[in-house]
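J.: Numbering (our numbering), first residue to last: 232 to 575. Think of the CB as a built atom: it goes at the ideal place given N, C-alpha and C, for glycine as much as any other residue. Quick caveat, the model's predicted, so the values are computed rather than measured. Before we start, here is the structure in question, set down as structure tokens.
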Amino acid sequence: MAGEFRFSFGPWNIHEGADPFGPPVRDTIALAGKLEVYKQLGFDGIQLHDDDAVPDLNNLSPEQISAQAKALKKTLDGHGLAAEFVAPRLWEDPRTIDGGFTANDPACREYARDRLKRCIDIARGVGTTDIVLWLAREGTYIREAKDPVLATKRIAEAIQMGLDYDADIRFLVEPKPNEPMDVAYIPTIGHALAIGYLTSEPDRVGCLIESAHAILAGLDPSDEMGFAMAFGKLWSVHLNDQNSLKYDQDKAFGSANLRRAFNQVRVLDLADYGTNGEWVGLDIKAMRTQKEDVATKHLGNSREVFLKLVEVNQSLDQAQVDALIAARDYEELDLLIMNSLLGD
Ligand code: XLS
Ligand code: MG
């Protein structure tokens with residue numbers, strides 16, 4: 232039934248509109264202000280980077296970090312919000328210039344591993360056991376800079392360290408093929424799932440699929456989702472859209488290719504995604520042109536498009552679909568889908 236899904240987004244999805252070529256165009260909204268809009272927009276979950284939850288954590292003791300995380304949980308409870316996951320932000324500190332777990336400098340690798348532990352402490356404090364790893368700078372600008380065998384093993388060792396550090400947490404690897412790096416080490420969902428098998432507990436390593444990241448890898452997001460679900464490892468999604476191979480756009484869901492969005496919804500809906508507590512997460516940026524007072528529309532709109540596509544999927548006559556498949560009349564099936572998307 233349409234409407235059974237629960238939705239989440241991260242505070243970075245309400246942002247100032249800066250891009251590599253221009254400064255912010257909207258005021259910064261503090262986390263407290265952002266929390267006000269979640270429920271209004273129909274969202275019950277918040278995705279967090281470690282420093283969204285505990286700003287300036289590099290300068291705090293582990294005890295202070297845990298205390299701040301617990302305080303945030305109370306605030307979230309007060310808003311009726313649940314923390315979906317916490318992700319370590321391993322791409323802004325000077326010690327992560329050459330990557331985190333794959334940095335060539337051992338002191339930098341140590342920083343990344345320690346930051347992962349602090350991130351896990353924060354997850355426990357805000358009440359989630361899910362750690363998302365977007366491996367931003369784990370890759371290269373030139374291939375000769377790192378050894379790919381060693382780099383892969385180092386990423387797996389960092390995951391293993393996290394699994395050993397806290398027996399309750401699990402990892403959701405979020406692959407992306409490029410940006411900020413020229414080439415990333417964990418570019419697709421196949422890589423994300425495979426790396427779990429280099430640890431002693433592959434059952435605790437799954438994935439999060441972001442639509443745009445799959446598209447940037449030249450892959451179809453719905454097939455990536457289907458692949459992960461065949462392993463029981465699609466533990467979250469970041470729905471958005473992407474207009475071909477260019478910079479990571481994080482466009483509103485379905486806005487570049489409605490049929491591709493429909494197929495993501497269809498594969499999730501048919502496989503009962505959500506029934507094990509999985510969230511429908513969005514990772515979407517408002518256009519830079521959007522004015523201050525209407526700079527959260529992209530989130531509500533994407534949720535609405537998702538739910539409408541659920542309705543389209545559920546209104547399809549499955550017997551008719553099956554008959555067309557049996558007859559191998561995919562031209563007619565194509566028209567059936569197109570008409571459904573056109574509201575016919
Ligand atoms: C960036 C990623 C990032 C992750 C969380 O491209 O999508 O926002 O989802 O670290
Ligand atoms: Mg994402």
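Please identify the residue among M518, Q391, G508 and G309 whose C-alpha is closest to the C-alpha of A263.
T.: Position 32 of the sequence shown holds residue 263. Nearest of M518, Q391, G508 and G309 to A263, Cα basis: G309.
J.: So for A249, helix, strand or coil by DSSP?
T.: On the sequence shown, position 18 is the one that residue 249 refers to. DSSP places A249 outside both helix and strand once states are collapsed to three, so it counts as coil.
J.: On the CB-based measure, 16 or more other CB atoms within 10 Å of its CB, does I328 come out buried or exposed?
T.: As a position in the sequence shown, residue 328 is number 97, starting the count at 1. Residue environment: I328 is assigned as exposed (fewer than 16 neighbouring CB atoms within 10 Å of its CB, all protein chains considered).
J.: Please classify V285: does DSSP put it in a helix, a strand, or coil?
T.: Sequence index remark: in the sequence shown, residue 285 carries index 54 (1-based). Coil, per DSSP.
J.: Check the C-beta distance from V285 over to F316 and give it rounded, since I have them as a contact under 8 Å.
T.: As a working note, residue 285 is residue 54 in the sequence shown. As a working note, residue 316 is residue 85 in the sequence shown. Between F316 and V285 the Cβ distance is about 15 Å, and since that is not below 8 Å, they are no contact.
J.: Which same chain residues end up closer than 8 Å to S571 when comparing Cβ atoms and leaving out the 5 residues on each side of it in sequence?
T.: Here residue 571 corresponds to residue number 340 of the sequence shown, with the count starting at 1. If we look at S571 and ignore the five residues flanking it on each side, its Cβ neighbours are V543, S546 and L547.
J.: Within the same chain, show all residues whose beta-carbon is closer than 7 Å to that of A233, passing over the 5 residues directly before and after it, in chain order.
T.: Indexing the sequence shown from 1 puts residue 233 at position 2. Annotation note: pLDDT 45 at A233 (below 50); position unreliable, no value reported.
J.: Would you mind stating whether A356 and K301 have Cβ atoms separated by less than 7 Å?
T.: By 1-based counting over the sequence shown, the position of residue 356 is 125. By 1-based counting over the sequence shown, the position of residue 301 is 70. Just to set this straight, residue 356 is Gly in the shown sequence, not Ala. A contact, by the Cβ cut-off of 7 Å.
J.: To the nearest angstrom, report how far apart Q271 and L429 are at their CA atoms.
T.: Reading the sequence shown from its first residue, position 40 is the one you call residue 271. Reading the sequence shown from its first residue, position 198 is the one you call residue 429. Each residue's Cα considered, the two are about 43 Å apart.
J.: Between which two residues does the alpha helix (DSSP H) holding F274 run?
T.: Taking the sequence shown and counting its residues from 1, the one referred to as residue 274 is at position 43. Neither: F274 is in no alpha helix (DSSP H) and is coded neither H nor E.
J.: With which residues is D361 paired in a DSSP beta bridge?
T.: Looking up residue 361 in the sequence shown gives position 130. Bridge partners of D361: R401.
J.: Can you tell me the Cβ-Cβ gap for E410 and D479, rounded? I've got them flagged as a contact below 8 Å.
T.: Stepping through the sequence shown from its first residue, residue 410 is reached at position 179. Stepping through the sequence shown from its first residue, residue 479 is reached at position 248. Going by Cβ atoms, the distance from E410 to D479 rounds to 5 Å, so yes, they are a contact pair.
J.: Using CA coordinates, which residue listed in K377, G331, V380 and M392 is at the minimum distance from W365?
T.: Position 134 of the sequence shown holds residue 365. The candidate whose alpha carbon is nearest that of W365 is G331.
J.: Give me the Cα-Cα distance between L266 and G512, rounded to the nearest whole angstrom.
T.: Along the sequence shown, read from residue 1 onward, the residue named residue 266 stands at position 35. Along the sequence shown, read from residue 1 onward, the residue named residue 512 stands at position 281. Cα-Cα distance, rounded: 16 Å.
J.: What do you reckon, is the C-beta of E441 under 6 Å from a heavy atom of the ligand MG?
T.: Within the sequence shown, the letter at position 210 stands for residue 441. Result yes, Cβ under 6 Å from the ligand MG.
J.: Verify the contact flag: A318, CB atom, against every heavy atom of the ligand XLS, threshold strictly below 6 Å.
T.: Here residue 318 corresponds to residue number 87 of the sequence shown, with the count starting at 1. Yes, the beta carbon of A318 sits closer than 6 Å to at least one heavy atom of the ligand XLS.
J.: Using the rule of at least 16 other Cβ atoms within 10 Å of the residue's Cβ for burial, across every protein chain shown, is K464 buried or exposed?
T.: Against the sequence shown, residue 464 aligns to sequence position 233. It counts as buried.
J.: To the nearest angstrom, report how far apart L501 and D287 are at their CA atoms.
T.: Here residue 501 corresponds to residue number 270 of the sequence shown, with the count starting at 1. Here residue 287 corresponds to residue number 56 of the sequence shown, with the count starting at 1. Their backbone Cα atoms lie some 42 Å apart in a straight line.
J.: Where does A367 fall in DSSP's three states?
T.: What you label residue 367 is simply residue 136 of the sequence shown in a count that begins at 1. Coil, per DSSP.
J.: Using the rule of at least 16 other Cβ atoms within 10 Å of the residue's Cβ for burial, across every protein chain shown, is N335 buried or exposed?
T.: Working through the sequence shown from its first residue, we reach residue 335 at position 104. Exposed, because fewer than 16 other Cβ atoms sit within 10 Å of the Cβ of N335.
J.: Does the Cβ of W510 lie closer than 6 Å to at least one heavy atom of the ligand XLS?
T.: Position 279 of the sequence shown, counting from 1, holds the residue named residue 510. No, Cβ of W510 sits at least 6 Å from all heavy atoms of the ligand XLS.
J.: The alpha helix (DSSP H) that contains L303, what's its start and end?
T.: Within the sequence shown, the letter at position 72 stands for residue 303. Per DSSP, L303 belongs to the alpha helix (DSSP H) from P293 to G309.
J.: What does the alpha-carbon distance come out to for the pair T527 and E562?
T.: Here residue 527 refers to the residue found at position 296 when the sequence shown is read from its first residue. Here residue 562 refers to the residue found at position 331 when the sequence shown is read from its first residue. Roughly 39 Å between the two C-alpha positions.
J.: Would the beta-carbon of T383 fall within 7 Å of that of K377?
T.: The residue you call residue 383 lines up with position 152 of the sequence shown. The residue you call residue 377 lines up with position 146 of the sequence shown. Not in contact: T383 and K377 (Cβ atoms no closer than 7 Å).
J.: Measure the alpha-carbon distance for G449 versus P408 and round it to whole angstroms.
T.: Counting from 1 along the sequence shown, the entry for residue 449 is found at position 218. Counting from 1 along the sequence shown, the entry for residue 408 is found at position 177. Their backbone Cα atoms lie some 9 Å apart in a straight line.
J.: From Y269, A343 and N244, pick the residue whose C-alpha is nearest to that of G393; which is it?
T.: If you number the sequence shown from 1, residue 393 lands on position 162. Cα-wise, what sits closest to G393 is A343.
J.: Between the C-alpha atoms of Q391 and G508, what's the straight-line distance to the nearest angstrom?
T.: To locate residue 391, count along the sequence shown from 1; it is residue 160. To locate residue 508, count along the sequence shown from 1; it is residue 277. One C-alpha to the other measures close to 24 Å.
J.: I'd like to check one pair, L403 with D454: are the Cβ atoms closer than 7 Å?
T.: Here residue 454 is taken as the residue at index 223 of the sequence shown, counted from 1. Here residue 403 is taken as the residue at index 172 of the sequence shown, counted from 1. No; because the gap between Cβ atoms is not below 7 Å, this pair is not in contact.
J.: Around the Cβ of G495, are there at least 16 other Cβ atoms within 10 angstroms (buried) or fewer (exposed)?
T.: Here residue 495 refers to the residue found at position 264 of the sequence shown. According to the sequence shown, residue 495 is Gln rather than Gly. Per the 10 Å Cβ criterion, buried.
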